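Inspection log for the structure reproduced underneath, given as structure tokens.
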Amino acid sequence: MVFQMVFAENETESKKVKVSELPIYDNPEDRYEVQVFPEEKTPFKNGVTEFRKSLFTVLDTFKETTDAIKDKYEIGKAHTQQTIEYIQNDPGILPRAGVITVAGLGGIVLGHRGGILRKLFYSSFAVVGATSLCYPNQAVEISQNGYNKAKDHAMSLWNGPDKIL
215 MVFQMVFAEN ETESKKVKVS ELPIYDNPED RYEVQVFPEE KTPFKNGVTE
265 FRKSLFTVLD TFKETTDAIK DKYEIGKAHT QQTIEYIQND PGILPRAGVI
315 TVAGLGGIVL GHRGGILRKL FYSSFAVVGA TSLCYPNQAV EISQNGYNKA
365 KDHAMSLWNG PDKIL
């Protein structure tokens, strides 16, 4: 087997290309001639134009309503956020207890048509949700502890009991 070796030539002068010499910077007016033809108005284009204009006219009438709804939504969002911050940062226990109690009663009202289990489930779910809203740091800590205990228990079940010999 014969291998052929190629060596690069060692030149003292480097061949550098200036940016202005690159072909992408050619002047396009030298190469191309652009002609603009007037566009014909077809009945289809006229119909689309009229439809678009009427559609935007209708949408403009709804713009005031949507702006008012967006304003009300933003006001409600700001008030809700302010109330949540007040409940979470208040040093007293009464506002938090009131929110948790009202949530529990609301759960009972939501489950009024069902049996005792539905009332119990709805009220428990509402109380847990309100409690986690009032005490977010403690809720995160409790849920992480519960997750870790459940994970450890599942791993012990998966691995099987330790054999004592």
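Read left to right, the sequence shown gives residues 215 to 379 (the working numbering).
Glycine included, every Cβ here is placed at the ideal spot set by N, Cα and C.
These figures come from a predicted structure and were not determined experimentally.
From the options, residue whose alpha carbon lies closest to that of residue i
{"i": "C395", "options": "S357, V313 and F339", "result": "The requested residue 395 is not part of the displayed model; the chain covers only 215 to 379."}
{"i": "K255", "options": "M369, V248 and T263", "result": "T263"}
Cβ-Cβ distance between residue i and residue j below 8 Å
{"i": "G318", "j": "A340", "result": "yes"}
Local conformation of residue i per DSSP, three classes
{"i": "K365", "result": "helix"}
{"i": "Y349", "result": "coil"}
{"i": "K333", "result": "helix"}
{"i": "L236", "result": "coil"}
{"i": "G306", "result": "coil"}
{"i": "E247", "result": "coil"}
{"i": "P257", "result": "helix"}
{"i": "R266", "result": "helix"}
Distance between beta carbons of residue j and residue i, contact taken as under 8 Å
{"i": "I301", "j": "P309", "result": "5 Å"}
{"i": "G321", "j": "S346", "result": "Actually they are not in contact, since the Cβ atoms of G321 and S346 sit about 14 Å apart, beyond 8 Å."}
{"i": "G325", "j": "F335", "result": "7 Å"}
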